[in-house]
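Trainee: Quick note: my numbering has the sequence shown finishing at residue 848, numbered continuously throughout.
Ideal placement from N, C-alpha and C gives every residue a C-beta, glycine not left out.
Next up is a structure, given as structure tokens.
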Amino acid sequence: MIDTHCHLDFPVFDADRAAVWSRARAVGVEGMVVPGVKEKDFARVVALRGASVWIALGLHPVFLADHEPNAVERLESWLLRWSSVAVGEIGLDHLLPPETHAAQWRLLDEQLRLAARYRLPVVLHVRRAHEQVLSLLKELAFSQGGIVHA
Numbered sequence: 699m700i701d702t703h704c705h706l707d708f709p710v711f712d713a714d715r716a717a718v719w720s721r722a723r724a725v726g727v728e729g730m731v732v733p734g735v736k737e738k739d740f741a742r743v744v745a746l747r748g749a750s751v752w753i754a755l756g757l758h759p760v761f762l763a764d765h766e767p768n769a770v771e772r773l774e775s776w777l778l779r780w781s782s783v784a785v786g787e788i789g790l791d792h793l794l795p796p797e798t799h800a801a802q803w804r805l806l807d808e809q810l811r812l813a814a815r816y817r818l819p820v821v822l823h824v825r826r827a828h829e830q831v832l833s834l835l836k837e838l839a840f841s842q843g844g845i846v847h848a
């Protein structure tokens, strides 16, 4: 088994990260994909790269306020430098206030185009926006694959 979505970089795991990984391996998890959610934490994600830990980097909609205006350009640099296996965690979250939806859409659109350009799959976070995400994926003829959660 491979855990395709594990935020092992989050500070809550600082005290026992190795033990968490050990317990996962004990029950048959052979690898993990750790997705980044905001640029200021990408270094934490990158630091976890290893033999059975792969990284994905992206700009999560829940952290919209933390993303700088040139965040997608900077994300591209991180993706190229650190051989990310996917773009993510990205998506739409319509449980957030409606006034954020247009900005979320633009951010998702830019990141999907980036993923397509580099032929990378995506790690999608989608809440109450499945039709909108499917519509955008079809519009872009996105064919790189990925996973969806939430």
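Check Pro767 in the structure and name its three-state DSSP category.
Mentor: coil
Trainee: Who are the near neighbours of Pro819 in its chain, counting only those whose CB is closer than 6 Å to its CB and skipping five residues on each side?
Mentor: Ala784, Gln842, Gly843 and Gly844
Trainee: Can you tell me which of Ala848, Leu762, Pro767 and Arg779 puts its alpha carbon nearest to the alpha carbon of His799?
Mentor: Leu762
Trainee: Could you spell out where the beta strand (DSSP E) holding Glu787 opens and where it closes?
Mentor: Glu787 -> beta strand (DSSP E) spans Ala784 to Asp791.
Trainee: Just how far apart, CA to CA, sit Trp752 and Met730?
Mentor: Roughly 6 Å between the two C-alpha positions.
Trainee: Compute the Euclidean distance between the alpha carbons of His823 and Pro733, then round it to the nearest angstrom.
Mentor: Computed Cα separation, rounded: 11 Å.
Trainee: Is Asp807 helix, strand or coil by DSSP?
Mentor: Helix, per DSSP.
Trainee: Would you tell me roughly how many angstroms separate the C-alpha atoms of Arg851 and Asp707, rounded to the nearest one?
Mentor: The chain is shown from 699 up to 848; residue 851 falls before or after that span and cannot be answered.
Trainee: Let me make sure I understand the geometry here. Which of Thr702, Glu797 and Gly789 has the alpha-carbon closest to that of Glu829?
Mentor: Gly789
Trainee: Is it the case that the stretch 766-783 contacts the stretch 718-729, given that we only count it when at least three CB pairs across the two stretches are under 8 Å?
Mentor: By the C-beta criterion, the stretch 718-729 is judged not to be in contact with the stretch 766-783, since fewer than 3 inter-stretch pairs fall below 8 Å.
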